[in-house]
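A.B. asks: Supplied in structure tokens, the structure appears directly below.
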Amino acid sequence: MRKADLVLLHPPSIFDFRERPRLWGPINDLVPSTHIFEMYPLGFVSLASQLGCRGYNVRIINLALKMLRSKKFEVERYLKGLKTEVFGIDLHWLPHVHGSIELARKLKEIHPDVPIIFGGISSTYYYREILEKVDAVDYVLLGDSTEMPMVKLMEELNNGRKFQEVPNLAWRSEGKIKVNPLSYVPEDLRDFKLDYGVLFKASHRFPTLTDPLPYDDFIDHPIMPVIVQKGCRYNCATCGGSRYSYDKFMNRQRVAFRSPEEILDDILTIEEMRSPCFICGDLLGLGRRRMERTLNLIKQEKIDVPVIFEMFTPAPRWYFEAISSSVDRFSVEISPESGDEAVRRVQGRKYSDSALYKTINHAFEKGCEKLDVFFMIGLSGETRESLDNTMAMCQRLIDMDGKGRIFPFIAPYAPFLDPGSLAFDYPEHYGFKSHCRSLMDHYNLLDSSVSWKDFLSYETTSFSKDDIVDATYACALRLAEMKGRAGIFDEEQLKTLKHRINISQETMSELERRGDKKGFLDSEAIKDIFTGTDDSVVSDRSELRWLSKPKLLRYLALLKFHVKNL
């Protein structure tokens, strides 16, 4: 096997998930990945793109997916076979803290002389504790843009070893932690490239095409994102990617936008692969002139795949007119979080119910095929009464459209308060009780937990963990029945989802019954009760999928794209 310069590895959220059974519940139900969060961050692709064009051999390995797909997959044996100059591990989303740390430790045992680099938002927040507590990690790259710092670090590892010259770097020197200025915070995002072709180039140099697949059913149900910005102008209380978080922890004082031409390039690449395209970030945030240029460029290319537009706030009719004149098929996602305006304001969504309903009507008037609306349980200020308001909004949304095009979803805010969010840094002010503060607090919580209730790192002033669990199951059941009455679910879908909800509830009750006075459970003694609990709980997986080309045409398109990029 050819030796790589850099191997980027994505771990499962909990490293030993195959050996220790857990009740995962609904923690992953509203994302494409499974309960181990096997989807790696897009930064992997951008890093591989930048390093690849400079002659480095970069390999992306979705270790989580390999572990998920085969119980016979031998992790240590596989890791021993890897040949590289440097390992990179993401700790971007904090639910990976257990998997990232355990993977680093195993790699250091097997390859003691190979440097290990961490990166991501959570790594940035906890960089000092990582270097203090996790001896296996040698370097941490800080910030939301590590492409050029990684290039410089690779150069210094190979040649000069003048680490003090690497921007955004934290490392150890003679037992002391050194931190360079977080100075690489580009306002021009030309260095952020999502050249998906590098994944296929790597598969030509290394053994398998499946290494970089982003999640389990990607081939059958793909969706590929286009990033339009870094940073955010909104201050949502529970978001670790808010304006407050970017400013304080990633040194980004203003939002940086990609150019319309760069956005179009990504969409054209995705079109070649015959995948639905998800625009990550609200195009309205680009400003009207840049947004209109972006849509005009898309219009000129006559894009032939479904495009999903993310929205942060309600939008005027002219915006949907611009979208509908630019693409043949489009869908919309928006997350009001709560159906109660007071709760929504605290969360950072400062718009009215009427503004939301007007936006939905505008979208459908202009040909929107599908509209997803997301709500959360466990928010600041949320009560049983406000949850009733949320459920009433779900019913009204379903009633607004008699064609089954509106899909409301509800799930718990889980498992952790985002580090660096306003709610994490000021929990009492925002109505939270935070049970985890340090990196290792979160690691230990995942290591010791057997159910999704145990995973929760917080409670609110109104809702205990038990309340959040009970409310989640109750609201999921109510919403399933609403969708059944409206014909969104057929009889079999409704029956299956209600069965899953009941199984999850019953399993949670059985775990509570079997636990000792401290809640301790022997994982070997409870393996018998986890049958059928890995499926989604609060939604049917089909609801989150967008129609794309038939499988055969998509497979042929992927093969063609593969050959083109060899």
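So for the sequence shown, the working numbering puts the first residue at 746; every next one is plus one. All C-beta atoms, glycine included, are put in the ideal place defined by N, C-alpha and C.
Which value, in whole angstroms, describes the spacing of the CA atoms of arginine 1230 and threonine 779?
C.D. replies: Translated into the one-based positions of the sequence shown, residue 1230 becomes position 485. Translated into the one-based positions of the sequence shown, residue 779 becomes position 34. For arginine 1230 and threonine 779, the distance between alpha carbons rounds to 28 Å.
A.B. asks: Can you tell me which of the three DSSP states glycine 920 falls into?
C.D. replies: Here the question's residue 920 lines up with position 175 in the sequence shown. Note: glycine 920 maps to coil in three-state DSSP.
A.B. asks: Alpha helix (DSSP H) containing threonine 869: first to last residue?
C.D. replies: Start at 1 with the first residue of the sequence shown, and residue 869 comes out as number 124. 866-870 is the span of the alpha helix (DSSP H), which, as asked, contains threonine 869.
A.B. asks: With 16 other CB atoms within 10 Å as the buried threshold, where does glutamine 1250 fall?
C.D. replies: Locating residue 1250 in the sequence shown gives position 505, counting from the first residue. By the neighbour-count rule (16 or more Cβ atoms within 10 Å), glutamine 1250 is buried.
A.B. asks: The alpha helix (DSSP H) with arginine 804 in it runs from where to where?
C.D. replies: Here residue 804 refers to the residue found at position 59 when the sequence shown is read from its first residue. Counting along the chain, arginine 804 falls outside any alpha helix (DSSP H), though it belongs to the beta strand (DSSP E) covering 803-807.
A.B. asks: How many Å lie between leucine 1184 and tyrosine 941 at the Cα?
C.D. replies: Walking along the sequence shown from the start, residue 1184 turns up at place 439. Walking along the sequence shown from the start, residue 941 turns up at place 196. Whole-angstrom Cα-Cα distance: 32 Å.
A.B. asks: With a CB to CB cut of under 8 Å and the five nearest residues on each side skipped, what residues in its chain are close to alanine 1225?
C.D. replies: For this step, residue 1225 is matched to residue 480 along the sequence shown. Contacts found: Phe1234, Leu1239, Leu1242, Lys1243, Ile1246.
A.B. asks: How is lysine 1228 classed by DSSP in three states: helix, strand or coil?
C.D. replies: Here residue 1228 refers to the residue found at position 483 when the sequence shown is read from its first residue. In this structure, lysine 1228 counts as helix in the three-state DSSP scheme.
A.B. asks: So the alpha helix (DSSP H) aspartate 1192 belongs to, where does it begin and stop?
C.D. replies: Working through the sequence shown from its first residue, we reach residue 1192 at position 447. Residues 1184-1193.
A.B. asks: To the nearest angstrom, report how far apart glycine 1325 and phenylalanine 1002 are at their CA atoms.
C.D. replies: Because residue 1325 is not part of the residues shown, which for the chain are 746 to 1311, the question remains open.
A.B. asks: Determine the contact status of tyrosine 884 and tryptophan 838, defining contact as a CB-CB distance below 8 Å.
C.D. replies: For the purposes of this step, residue 884 is taken as the residue at position 139 of the sequence shown. For the purposes of this step, residue 838 is taken as the residue at position 93 of the sequence shown. Contact flag unset, no.
A.B. asks: Buried or exposed: where does aspartate 1011 fall if 16 or more other Cβ atoms within 10 Å of its Cβ makes it buried?
C.D. replies: In the sequence shown, counting from the first residue as 1, residue 1011 sits at position 266. Looking at its Cβ environment, which holds 16 or more other Cβ atoms inside 10 Å, aspartate 1011 is buried.
A.B. asks: Can you tell me whether DSSP reads aspartate 1199 as helix, strand or coil?
C.D. replies: Taking the first residue of the sequence shown as position 1, residue 1199 is located at position 454. If DSSP states are grouped into helix, strand and coil, aspartate 1199 belongs with the helices.
A.B. asks: Please list, in chain order, all residues of the same chain as lysine 1228 whose beta carbon is under 6 Å from its beta carbon, the five residues on each side excluded.
C.D. replies: Counting from 1 along the sequence shown, the entry for residue 1228 is found at position 483. The residues are Phe1234.
A.B. asks: Which whole-angstrom value describes the C-beta separation of glutamine 1088 and serine 1131, a residue pair presumed to lie in contact below a C-beta threshold of 8 Å?
C.D. replies: One-based indexing of the sequence shown puts residue 1088 at position 343. One-based indexing of the sequence shown puts residue 1131 at position 386. A small fix is needed here, since residue 1088 is valine in this sequence, not glutamine. The pair is a contact, with the Cβ atoms about 5 Å apart (cut-off 8 Å).
A.B. asks: For tyrosine 1218, is the classification buried or exposed, using 16 other Cβ atoms within 10 angstroms of its Cβ as the cut-off for buried?
C.D. replies: In the sequence shown, counting from the first residue as 1, residue 1218 sits at position 473. Buried.
A.B. asks: When the Cα atoms are used, what is the spatial distance from arginine 1150 to serine 1284?
C.D. replies: Here the question's residue 1150 lines up with position 405 in the sequence shown. Here the question's residue 1284 lines up with position 539 in the sequence shown. Approximately 15 Å, taken between the alpha carbons.
A.B. asks: Classify lysine 1263 as buried or exposed, calling it buried when 16 or more other Cβ atoms lie within 10 Å of its own Cβ.
C.D. replies: Here the question's residue 1263 lines up with position 518 in the sequence shown. With a pLDDT of 44 at lysine 1263, under the threshold of 50, the predicted position of this residue should be treated as unreliable, though the coordinate-derived value follows. With fewer than 16 other Cβ atoms within 10 Å, it is exposed.
A.B. asks: Between which two residues does the beta strand (DSSP E) holding glutamate 1078 run?
C.D. replies: What you label residue 1078 is simply residue 333 of the sequence shown in a count that begins at 1. That run of the beta strand (DSSP E) goes 1075-1082.
A.B. asks: Aspartate 1261 to leucine 927, Cα distance in whole Å?
C.D. replies: In the sequence shown, the residue the question calls residue 1261 occupies position 516. In the sequence shown, the residue the question calls residue 927 occupies position 182. Any reading at aspartate 1261 must be qualified, since the residue scores a pLDDT of 46, below 50, and its modelled position is unreliable; no value is offered.
A.B. asks: Along the chain, where does the alpha helix (DSSP H) containing aspartate 1098 start, and where does it finish?
C.D. replies: As a position in the sequence shown, residue 1098 is number 353, starting the count at 1. From DSSP, the alpha helix (DSSP H) with aspartate 1098 extends over 1098-1110.
A.B. asks: To which residues does DSSP link glutamate 1055 through a beta bridge?
C.D. replies: Position 310 of the sequence shown, counting from 1, holds the residue named residue 1055. Partner(s): Glu1078.
A.B. asks: State buried or exposed for phenylalanine 1265, treating a residue as buried only when at least 16 other CB atoms are found within 10 Å of its CB.
C.D. replies: Along the sequence shown, read from residue 1 onward, the residue named residue 1265 stands at position 520. Legend: pLDDT at phenylalanine 1265 = 46, less than 50; position of this residue unreliable, value from coordinates given subsequently. Exposed, since its Cβ has fewer than 16 Cβ neighbours within 10 Å.
A.B. asks: Straight-line CA distance for arginine 850 to glycine 844?
C.D. replies: The residue you call residue 850 lines up with position 105 of the sequence shown. The residue you call residue 844 lines up with position 99 of the sequence shown. Straight-line Cα distance between these residues: approximately 10 Å.
A.B. asks: Out of curiosity, what's the CA-to-CA distance linking glutamate 919 and lysine 853?
C.D. replies: Position 174 of the sequence shown, counted from the first residue, corresponds to residue 919. Position 108 of the sequence shown, counted from the first residue, corresponds to residue 853. Glutamate 919 and lysine 853: Cα-Cα distance of roughly 19 Å.
A.B. asks: Counting only runs that start and end within the stretch 809-883, where is the alpha helix (DSSP H) found for 4 or more residues in a row?
C.D. replies: Correct list: 820-825, 842-855, 866-870, 872-878.
A.B. asks: For tyrosine 1203, which option in Ile1213, Leu887, Lys1115 has the closest C-alpha, if you only look at C-alpha atoms?
C.D. replies: As a working mapping, residue 1203 is identified with position 458 in the sequence shown. For tyrosine 1203, the nearest C-alpha among the options comes from Ile1213.
A.B. asks: Buried or exposed: which applies to proline 1061, given that a residue is buried once 16 or more other Cβ atoms fall within 10 Å of its Cβ?
C.D. replies: By one-based count along the sequence shown, residue 1061 stands at place 316. Exposed, by the Cβ-count rule.
A.B. asks: Determine the DSSP secondary structure at proline 970, reduced to helix, strand or coil.
C.D. replies: For the purposes of this step, residue 970 is identified with residue 225 of the sequence shown, where counting begins at 1. In the three-state reduction of the DSSP assignment, proline 970 falls in the strand class.
A.B. asks: Nearest CA to the CA of isoleucine 1222: which residue from Met1136, Leu1201, Asp1186?
C.D. replies: Residue 1222 sits at position 477 when you count from the first residue of the sequence shown. Note that residue 1222 is leucine in the sequence shown, not isoleucine. Looking at the Cα atoms, Met1136 is the closest of the given residues.
A.B. asks: Measuring straight from C-alpha to C-alpha, what distance separates isoleucine 772 and proline 1160?
C.D. replies: On the sequence shown, residue 772 is found 27 positions in, with the first residue counted as 1. On the sequence shown, residue 1160 is found 415 positions in, with the first residue counted as 1. For isoleucine 772 and proline 1160, the distance between alpha carbons rounds to 7 Å.
A.B. asks: Report the option in Thr1252, Glu1237, Arg1141, Asn807 whose CA atom is closest to the CA atom of threonine 955.
C.D. replies: Counted from its first residue, the sequence shown places residue 955 at position 210. Answer by Cα proximity: Asn807.
A.B. asks: By the DSSP assignment, the alpha helix (DSSP H) with aspartate 1144 in it spans what residues?
C.D. replies: Residue mapping note: residue 1144 aligns to position 399 of the sequence shown, counting from 1. If you look at aspartate 1144, you'll find it in the alpha helix (DSSP H) that goes 1129-1145.
A.B. asks: Select from Val1195, Glu1288, Ser1281 the residue whose C-alpha is nearest the C-alpha of glutamate 764.
C.D. replies: Here residue 764 is taken as the residue at index 19 of the sequence shown, counted from 1. The residue with the shortest Cα to Cα distance from glutamate 764 is Val1195.
A.B. asks: Nearest to serine 1166 by CA position, among Ile846, Leu824, Thr983, is which residue?
C.D. replies: Residue numbering aside, residue 1166 sits at position 421 when the sequence shown is read from its first letter. Nearest of Ile846, Leu824, Thr983 to serine 1166, Cα basis: Thr983.
A.B. asks: Is it buried or exposed for aspartate 1373, if we count other Cβ within 10 angstroms and need 16 for buried?
C.D. replies: Beyond the ends of the chain as shown, which are 746 and 1311, falls residue 1373; an answer cannot be given.
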